[in-house]
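Visitor: Take a look at the following structure, please.
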Amino acid sequence: MARTLFTNIAIFDGTGRLPYRGEVAVEGNRIVGVASGEARLDRAGAAIVDGATLGAGRGVTLMPGLVEAHAHLSWPSSVDRVINAMSLPVEEHLLITARNARVTLDHGFTSAYSAGSLGTRFEVALRDEIAGGWLPGPRLKASSIERAPGNVFGVPQTHDEGHARGAAAMRAYIKGCADIGIDSVKLLLSGDDNFTPGGSQELAYDEDEVAAAGAQARESGIWLACHAQAAAAVKLGVRHGFRVLYHCSYADDEALDMLEAKKDEIFVAPAVGLAVAAINADPSFNLPKPLVERGHKILELQSRLVPELRRRGVRVLPGGDYGFPHNPIGRNARDLALFVDVFGYTPQEALMSATKWGGEIMGMGDELGLVKESYLADLLLVDGDPTQDITLLQDRARLLMIMKDGACHKAPMRVAA
Ligand SMILES: [Zn+2]
C-alpha cells in the first residue's frame, strides 16, 4: 500500500491544541502514524513530503481538511464564475453544481454538510459520484430541497412537489427523501427578512407538522436540518429532534437554554458569512437596501448570540451560505476569520470547529476531523501557521497540498522518493 510520510512540519491536530512539531504517515486512505517532537516514523517505501523544502520558508502546517457546515453546492455562483440566477435549466444546473463541488475542494474543504439543494436528487447523485472517485469534490451529506409551505414567504419554489401542508404530507415527504437516499432534510421553520419584510418572525409550519417531521425522521433514520430565525422556530426545531439548526439569530433565553440542554446532539451554524457579504457587497451587485440592512441586523444579533452559545458549550460551526453572486462558493474560509473577529473565538478554536466538530456534524467523528492515527487522511498542508493568521486559509495559493481520502487533489510541488 502506498505510504506517504510528512516530515519537518507543524501539526495542527484539530483538537484545539496549538501546533506541534512532528511527523505523520498515511497509508491508503488512513493516517497510520503520528509522531511528535524528535520521534521518527518508519520511512521504508514512503514518499517523503518534506516541509522544509516547501512554502516560503515560514514553516508549513499539516491540519485536517476543513468542513463546510452550511453548503449549497447548487447555488450557482463561485469565486471565478458569477451567475446571476438561482433557477437554471436542469442540465446546466447539475453541471454547475458538480463544478462547485470541485471549487469547494480546491479551497481546502474536504467535507460539506448540505443546507439545501435546488434539485431533488442533485446531491444524492453528486455525493455518490464523488464517493466513487469519479468526480472531484468534498465528502458530501446530501440534502433535500428547502421545504417550505408553497410560496408563503415569497420564496421562488423551483419544485411544485413536496410543499403540501399537514402532518401526513410531511411524513410522506420525509419518507420519500429517505427512500431516494437523502442524508438530511432541510425545512424552513421560519421565514426570513431576506424573503419578505418581517419574515424572520413568521413560522412556516404548525407544531403538528414539525412533530410529524421529527417522528418520521426517527423512523426513517434520516437527519433533519432547519432554517430557524425566530426564537419560536429554534424551539420547534430543538423540541422535535432537528440535528442542525441554522441561523438562530433571534434565539431568546429560553431557546438558548434548550440548545444548551441538547448540546451533545445538535449543531448550530449561524451562517454569518452571508450577512457580512451583504454589508460588504460591491455596489455593482446592486443589492436591495433591505438586504444590506438585514445583514447589519443579523450581524448585531449574532455577535451577541454566538459568544453566548460558545460560553454554554454548544457546537457552533462555520458555514456561510455561499453560492450567491455577492457571496460566492470558494470564499468559505472567510467564515473562520469571522468566528475570530466577530465572535471572539481563538484561531485554534475556530479551526477546531471546522475540523473536529466538522467530523462530528458529518456523523463521522470517530474517523474524520482530526490528525490522529486510524483517522481518514483528509489533510491540508498550509504554507504558514493558521493559528497565527487564520486569514491565510482564504488564499488558495497557501494550500500547498489538499489530500482527500488519502488521494492528492492538489499535490505539493516537491515530493522526494
Ligand atoms: Zn442557506
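Take 127 as the starting number for the sequence shown in the working numbering and just add one per residue. Glycine included, C-beta positions come from ideal geometry on N, C-alpha and C. Small disclaimer: the values here were computed from a predicted structure and weren't measured.
(1) Please classify W260 as buried or exposed, where buried requires at least 16 neighbouring CB atoms within 10 angstroms.
(2) Check whether the Cβ of H198 sits closer than 7 Å to any heavy atom of ligand 1, and report yes or no.
(3) Go to C303, then tell me how far its beta strand (DSSP E) extends in each direction, as first and last residue.
(4) When we look at the beta-carbon of Q514 and count the other beta-carbons within 10 Å, is it buried (16 or more) or exposed?
(5) Under 7 Å from any heavy atom of ligand 1, does the C-beta of Y372 make it?
(6) Grab me the residues of A533's own chain with a C-beta within less than 8 Å of its C-beta, minus the 5 sequence neighbours each way, in chain order.
(7) If you run the structure through DSSP and keep just helix, strand and coil, what is H422?
(8) I'd like to confirm something about D447: is its beta-carbon nearer than 7 Å to some heavy atom of ligand 1, or not?
(9) Starting from K498, trace the beta strand (DSSP E) both ways and give me its first and last residue.
(10) In terms of residues, what are the limits of the alpha helix (DSSP H) holding F411?
(11) Helix, strand or coil: how does DSSP classify H353 here?
(12) Per DSSP, D176 forms a beta bridge with which residues?
(13) Would you mind working out which of G171, A161, T141 sits nearest E153, comparing C-alpha positions?
(14) If you compare alpha carbons, which of S200, L462, D168, P145 is closest to L129?
(15) Can we say the stretch 202–218 touches the stretch 525–532, given the rule of at least three CB pairs closer than 8 Å?
(16) Within 10 Å of its beta-carbon, does R184 have 16 or more other beta-carbons around it, so buried, or fewer, so exposed?
(17) Expressed to the nearest angstrom, what Euclidean distance is found between the alpha-carbon atoms of F368 and A351?
(18) Spatial neighbours of A459 within its chain, please: C-beta separation below 6 Å, excluding the five flanking residues on both sides.
(19) When every heavy atom of ligand 1 is checked, does at least one fall within less than 7 Å of the C-beta of A274?
(20) Under DSSP, the alpha helix (DSSP H) around R460 begins and ends at which residues?
(21) Do L502 and T141 have their CB atoms nearer than 8 Å?
Guide: Checking against the coordinates, here is how it stands:
(1) With fewer than 16 other beta carbons inside 10 angstroms of its own, W260 counts as exposed.
(2) Indeed, a heavy atom of ligand 1 lies less than 7 Å from the Cβ.
(3) Counted as a single uninterrupted DSSP element, the stretch harbouring C303 is not any beta strand (DSSP E) but the alpha helix (DSSP H) occupying residues 293–305.
(4) Classification for Q514: exposed.
(5) Yes, the Cβ of Y372 comes within 7 Å of a heavy atom of ligand 1.
(6) For A533, where only same-chain residues beyond five positions count, the Cβ hits under 8 Å are N155, G259.
(7) H422 carries a helical assignment under DSSP once its states are collapsed to helix, strand and coil.
(8) True, at least one ligand heavy atom lies under 7 Å from that Cβ.
(9) Element bounds for K498: n/a, residue is neither H nor E.
(10) That residue, F411, is in no alpha helix (DSSP H); it is neither H nor E in DSSP.
(11) Strand.
(12) Beta-bridge pairing links D176 to T133.
(13) If we check each option's Cα against that of E153, G171 comes out closest.
(14) In the sequence as displayed, the identity of residue 129 is Arg instead of Leu. Closest option to R129, Cα to Cα, is D168.
(15) Between the stretch 202–218 and the stretch 525–532, the count of Cβ pairs shorter than 8 Å is below three; the stretches do not touch.
(16) By the neighbour-count definition (other C-beta atoms within 10 Å, threshold 16), R184 is an exposed residue.
(17) Roughly 6 Å separates the two Cα atoms.
(18) The answer, listed in chain order, is L519, Q520.
(19) For ligand 1, not one heavy atom lies less than 7 Å from the Cβ of A274.
(20) Run containing R460: 460–467, per the alpha helix (DSSP H) assignment.
(21) With contacts defined as CB atoms closer than 8 Å, L502 and T141 fail to qualify as a contacting pair.
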